[in-house]
Structures are given as structure tokens and as C-alpha cells.
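Report on the structure given below.
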Amino acid sequence: MKKIILPALAASFVLGAAGAATAQERAAVDTVYFQPKKDFVMHVTPRHDYSQTYVTKLFMAQANFDGRYKRRDNGTTTVRMTCEQAVEIIRGMDNITLGMPKIVYLVGWQYNGHDSKYPAFFDGNYALKRPQDRTALESLRWVMAEGKKYNTSVSVHINMIDAYEDSPLWDKYVENDVISRTEYGAIRGGEWGYPISYAQEWKLGFTQQRLDKLLEILPIQEAGTIHIDAFHSEVPQPVKKEDGTWGIEMQSPISPYLGFTREDEIEAQRNIIKYLDSKGVDVTTEGIPQGELLGIFDGYQTMGWWFVGRDIYMNYTAQQMCGGYDPYSGEWGRLFGTNLNAEHVFLEDRPLAESFADFKGKFCTMTAIFNYLNRFDRKYRVEGGGYYAVQFSDGVRSEVDNGRYMISKDGVMMVDDNDLLLPALWLDSPSMIAYSADGYKKRTWELPEGQFTASKVAVYRVDENGRELVGHKSVAGGKLTLSLAPNEMLLITQE
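Residue numbers (numbering that gives the first Met the number 0): 0 to 494.
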């Protein structure tokens with residue numbers, strides 16, 4: 000990637016905020032222009048625009064295992080939320096997100112919960128079902144139907160690489176060498192069960208069979224999306240370090256005994272994605288491959304978690320590839336926008352109201368910004384001397400100046416650390432959301448040009464229960480004065 004040093008240009012990025020970098024620090028700012036991949040080809044037909052969709056996981060249950068390594072679960076489950084509780088959370092998220100399009104992937108929905116009985120995923124977790132339903136699958140189908148009422152496509156989280164000794168498919172997969180083996184033919188164990196050879200499973204038609212069965216038991220095609228956990232192209236193998244501690248080393252090929260190369264396994268992974276695409280289902284994954292594997296799924300997946308690395312942002316549009324990372328990946332996740340994974344927010348053992356309060360703040364300071372910034376073309380990024388910035392089209396700029404985080408449009412401040420007054424462009428009427436982590440009294444915000452044409456706007460307080468009208472405010476001279484309590488979210492809209 001070509002790097003151009005433009006010292007004179009750097010000074011024009013400053014908003015004049017307190018704590019701005021010194022002239023000496025600004026003298027060595029590095030500027031890198033956005034360079035989209037010229038050979039990018041979309042191999043699938045996305046059903047969702049992930050750059051404008053709030054995507055998250057909800058952790059429902061964990062299968063419990065005995066011993067250091069996961070080989071078979073012990074028959075018990077730890078429930079984090081039932082089907083009814085998941086719908087309650089989805090309803091509250093819809094109120095806070097003001098109807099933003101959403102995708103929710105349910106984790107631990109099968110058998111005894113997360114990591115239970117793979118490679119099978121043909122029955123639900125009985126501990127999650129509603130009392131009035133006959134089976135857990137009935138309850139899961141109910142959750143998926145209810146989600147539609149709250150602007151949410153509900154689907155499931157699955158795993159395509161792990162196998163466990165107590166799986167209904169274990170004997171079949173061992174007999175057909177689908178379970179990974181060493182070069183000497185011994186079954187290869189990993190930290191999480193035993194790895195599967197994608198290439199062997201695909202060659203035998205077993206992949207297609209298990210995906211077809213999953214699509215028969217749950218309306219995943221209606222959701223149009225599915226999430227594949229740990230979609231590794233190499234085996235995460237436990238290894239003992241020189242200091243005696245244990246770590247993970249990525250090893251390839253997956254199954255040396257079979258003779259398939261890493262490229263063969265990757266091609267089978269692409270076949271999995273294309274097969275689901277042919278059924279009307281998008282694939283998102285836990286991670287975006289890094290290092291030498293970066294780019295192997297270009298045009299096959301448009302969203303992934305653990306979305307890290309500034310150069311990813313500088314080579315793909317948000318529509319080609321986007322994702323989330325929590326906590327932020329240095330400054331760049333904030334500067335380009337990153338999606339919130341609420342799996343961690345609603346996993347804590349605390350009152351639901353506290354989780355919603357946490358979700359509200361993180362939604363405003365992460366996903367609302369992600370949704371906004373993804374609407375603009377990326378032009379260039381700069382960094383140096385404690386200063387980082389990304390310039391977007393239409394005069395939109397995000398920057399971190401010696402720790403102070405800001406977003407502006409044509410020089411008008413919209414985000415100032417954890418205070419924001421930001422356009423909510425997913426809503427039909429001209430609207431903005433206001434949020435403050437610590438609260439403030441009578442702060443006057445300059446509004447982006449043309450934001451409101453009326454002299455008065457309606458102000459609503461927003462939380463998991465919906466929106467409540469708290470009054471009207473005057474817009475004078477393109478400015479709006481607000482007072483917010485700590486962790487308060489407001490909707491300001493032109494009616």
C-alpha cells in the first residue's frame with residue numbers, strides 16, 4: 000500500500016479541541032489513501048446489508064464438560080436465558096435501537112448447550128423451551144417468529160469443524176475418516192473436541208446432508224443468515240510451551256492422514272458458504288482470517304467478528320466486509336466504526352435492567368456510530384504524534400487527538416468522547432440520537448447543515464421500554480441546547 004507523507008495537510012484535521020497535538024508532533028503525520036481491492040468479486044448474494052444492520056449473538060446455554068479438554072459433555076447444561084427471556088431481550092433491544100434492522104444468532108440452542116454433540120445439530124436444548132411447547136424446537140421456532148415483530152431476523156450459531164465423542168454422528172464420522180487423523184492414522188484431538196476435515200466431509204456428501212437437515216427443522220431460510228463459529232482453516236492445537244504453560248498453535252493441514260492440503264480445506268469451506276447461499280442463507284463467521292489467510296473468503300462473507308486491523312478497513316468497503324470487535328481494536332475500531340456483540344452484555348449475572356442500561360450506552364457509542372460511518376466512502380486515514388483520523392466523503396471525519404475521540408461533519412462536532420448528538424439515518428423522519436455517559440447541563444450543539452427544517456423538534460427519552468415524550472425544543476440558528484442525565488439516551492425528531 001502506497002504511503003504518502005503530507006505534513007502540511009495534517010494541521011487541517013484539527014478541530015481546535017483542548018489537548019490538541021503540538022505542531023512538532025503533527026510534522027510527521029502519515030497519510031494512507033483508501034485502495035479498494037481491484038480483483039474483488041462477490042461470489043454470493045447477500046440477503047442483508049450488514050453494514051447497516053445491528054448484528055449480535057445471544058448466549059442461551061453452555062454444555063458442561065469434565066476435565067481439561069472437551070471430549071463429551073457431562074449431560075448437564077448451564078442456562079443463561081430461556082426462549083422466553085431471549086424474546087424479552089430482543090424486544091428491549093428493538094426499543095433501544097429505535098427499530099434498526101437486526102440479526103440475532105442464538106448460541107447454545109442445541110442439545111445441552113454451546114459445544115454440545117457436534118457435528119450434529121438436529122435437536123433443541125430442552126432446558127430452554129417454553130412450558131406450553133411440546134419440544135425445544137417448537138420454542139426455537141417461536142423465538143424466530145417473534146423476532147420479526149421487533150425488526151429482528153433470528154437465526155442460530157453453529158460449528159462446522161468440531162466433533163465430540165457423544166455425538167449421534169460420531170461413529171459414522173470416525174468410520175469414514177471425517178474426523179481428523181495424524182499422518183500415522185491416529186485420531187487427532189484438539190482443545191475443543193476433535194477437528195473435522197471439511198474436504199472429506201464435503202467429498203462424501205455429509206456436509207450437505209447435515210445442513211439440509213438443519214434447514215428442515217428450523218426456518219433459517221426465512222432469516223436468510225446463519226453464523227458459523229470457529230470456522231478455522233487450520234487446527235487450533237494445544238501445545239506445551241517451554242515455560243511449561245499451554246497455548247494454542249494453528250496447524251495445517253487439518254487431517255494429514257487424508258492428504259488434503261490447506262487449499263483443499265479452504266475450497267471445501269467456500270463450498271459450504273456457496274451451498275448455503277444456494278439455499279438463500281448468508282454466512283457470517285466468528286473471525287476474519289488474518290495474516291497470510293486474509294482474503295480467502297473475499298466475496299463469500301460480508302460480516303465477521305474479531306474484525307481487527309486497520310488495513311482491512313482500507314482495502315474493503317463496509318458493504319464488502321464489516322464486523323465487530325469488543326473491546327475496541329486500538330483506535331481504529333472506533334475511527335471506522337465497530338458493531339457491538341451484546342452476547343457479553345447479557346451474559347452477566349445481574350438484573351436485566353442493568354444489562355439494558357449497559358447495552359444502551361454501548362449501542363449509542365458503538366453500533367449507532369458504525370451505522371452512520373458505514374454510509375460514507377472512506378477516503379484516507381492519518382496517524383502520528385498521538386493523532387489518528389479517518390476522512391470520509393461528505394465532510395465526515397472521525398479522529399482521536401491525544402485520547403479525545405471526535406466525529407464531525409464539515410467541522411460540526413457530533414461525537415465528543417462519550418457525548419454525542421448524531422443523525423439516526425435509519426429512521427424515516429429527520430432524527431438524531433443524543434447520549435451522554437456522564438451527563439451534562441445545557442450543552443449547546445451546532446447541528447449539521449440541513450438537519451432540521453422546523454423551528455421545533457420533539458424530544459423522547461429512550462430505554463428498553465420504548466420512547467417517552469419529554470417535551471419539545473427550539474432549534475435556533477442551527478443550534479440545539481440539551482441537558483442529559485448520566486447514561487441517558489434521547490431521540491430528537493422532526494414530526
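Just so you know, even glycine gets a beta-carbon here, dropped at the ideal spot from N, CA and C.
None of the values given here were measured: they were computed from a predicted structure.
Distance check for residue j and residue i, CA to CA, integer angstroms please.
i, j, result
"Tyr274", "Gln207", "8 Å"
"Thr21", "Gly383", "A caution first: Thr21 carries a pLDDT of 44, below 50, which makes its placement in the model unreliable, though a value can still be read off. When rounded, the distance between both Cα atoms is 11 Å."
"Val234", "Tyr197", "11 Å"
"Lys240", "Tyr68", "17 Å"
"Phe451", "Pro429", "7 Å"
"Leu424", "Asp393", "14 Å"
"Ser354", "Ala126", "22 Å"
"Phe522", "Glu83", "Here the chain has residues from 0 to 494 only, and residue 522 is not among them."
"Asp400", "Asp416", "11 Å"
"Asp170", "Glu164", "8 Å"
"Ala85", "Pro350", "14 Å"
"Trp444", "Tyr324", "30 Å"
"Asn124", "Val142", "13 Å"
"Lys36", "Arg209", "35 Å"
"Glu24", "Tyr371", "Residue placement at Glu24 is poorly supported in this model, since its pLDDT is 43, which falls under 50; the coordinates are not used for a value here."
"Thr364", "Asp418", "8 Å"
"Ser154", "Ala229", "17 Å"
"Arg460", "Gly477", "22 Å"
"Asn373", "Ser482", "28 Å"
"Phe358", "Gly308", "25 Å"
"Glu266", "Gly465", "46 Å"
"Glu487", "Ala436", "7 Å"
"Ala484", "Arg403", "21 Å"
"Gln34", "Ile88", "40 Å"
"Arg70", "Thr76", "15 Å"
"Val456", "Phe39", "44 Å"
"Thr134", "Tyr110", "12 Å"
"Gln268", "Val238", "25 Å"
"Ala475", "Asp376", "31 Å"
"Tyr32", "Lys202", "43 Å"
"Pro45", "Gln131", "36 Å"
"Tyr439", "Gln493", "23 Å"
"Pro218", "Asn270", "21 Å"
For residue i, which residues of its own chain have a beta-carbon under 7 Å away from its beta-carbon, when the five flanking residues on both sides are left out?
i, result
"Val106", "Lys56, Leu57, Phe58, Met59, His113, His156, Glu342"
"Gln390", "Lys378, Tyr379, Arg396"
"Pro252", "Phe259, Thr260, Arg261, Glu264"
"Thr52", "Pro100, Lys101, Ile102"
"Gln300", "Ile272, Val282, Thr283, Thr284"
"Val458", "Val469, Gly470, His471, Lys472, Leu489, Ile491"
"Thr96", "Tyr53, Phe362"
"Thr366", "Tyr53, Asn338, Leu339"
"Gly322", "Ile287, Met302, Gly303, Trp304, Phe306, Asn338"
"Phe335", "Tyr312, Leu372, Val389"
"Ser166", "Lys116, Tyr117, Pro118, Ala119"
"Gly184", "Tyr256"
Apart from the five residues just before and just after residue i, which ones in its own chain have a Cβ nearer than 6 Å to its Cβ?
i, result
"Ile496", "A query on residue 496 cannot be resolved here, the shown segment of the chain reaching from 0 to 494 and no further."
"Gly510", "Because the chain here runs from 0 to 494, residue 510 falls outside it and cannot be looked at."
"Asn94", "Glu463, Gly465"
Tell me which same chain residues have a C-beta within less than 8 Å of the C-beta of residue i, skipping the five on either side of it?
i, result
"Pro288", "Ser232, Gly294, Ile295, Phe296"
"Arg79", "Phe58, Met59, Ala60, Gln61, Gly107, Phe345, Leu346"
"Pro447", "Lys408, Asp409, Val411, Met413, Pro422"
"Ile186", "Val173, Ile178, Ser179, Arg180, Tyr193"
"Lys212", "Phe121"
"Asp176", "Ser196, Gln199, Ser254, Tyr256, Leu257"
"Trp245", "Pro237, Val238, Lys239"
Assuming residue i and residue j make a contact with CB atoms under 8 Å, what is their CB distance in whole Å?
i, j, result
"Ser152", "Gly146", "7 Å"
"Gln318", "Asp48", "7 Å"
"Val469", "Val28", "Not confirmed; about 43 Å, so no contact."
"Ile368", "Leu421", "7 Å"
"Ile247", "Glu291", "Not quite, the Cβ-Cβ distance comes to about 17 Å (not below 8 Å), so this is no contact."
"Gln199", "Leu136", "In fact, because the Cβ distance is near 29 Å, the residues do not count as touching under 8 Å."
"Ala162", "Ile195", "5 Å"
"Tyr315", "Trp331", "No, Tyr315 and Trp331 are not in contact; Cβ-Cβ is about 13 Å, not under 8 Å."
"Val43", "Asp276", "4 Å"
"Met320", "Ile227", "No, Met320 and Ile227 are not in contact; Cβ-Cβ is about 16 Å, not under 8 Å."
The region 60 to 74 contacting the region 328 to 346, beta-carbon criterion three pairs below 8 Å
no
Give, in chain order, every unbroken run of the alpha helix (DSSP H) that is at least 4 residues long and sits entirely within the region 218 to 302.
DSSP runs (the alpha helix (DSSP H)) wholly in the region 218 to 302: 219 to 222, 261 to 277.
Please list the segments of the beta strand (DSSP E) lying wholly inside the region 105 to 153, counting only runs of 3 or more residues, in order along the chain.
Listed in chain order, nothing qualifies, since the region 105 to 153 has no complete beta strand (DSSP E) run of 3 or more residues.
What beta strand (DSSP E) runs, 3 residues minimum, are completely inside the region 340 to 420?
377 to 383, 386 to 391, 395 to 400, 403 to 408, 411 to 415
Report yes or no: do the region 273 to 291 and the region 202 to 222 share at least 3 C-beta pairs separated by less than 8 Å?
yes
Threshold first: 4 residues or longer. Then list the alpha helix (DSSP H) segments lying entirely within the region 16 to 95, N to C.
22 to 25, 82 to 95
What ranges does the beta strand (DSSP E) occupy inside the region 446 to 484, keeping only unbroken runs of at least 3 residues that lie completely in it?
Listed in chain order, they are 455 to 462, 465 to 473, 478 to 483.
Length at least 4, wholly inside the region 190 to 215: the alpha helix (DSSP H) runs in chain order
197 to 203
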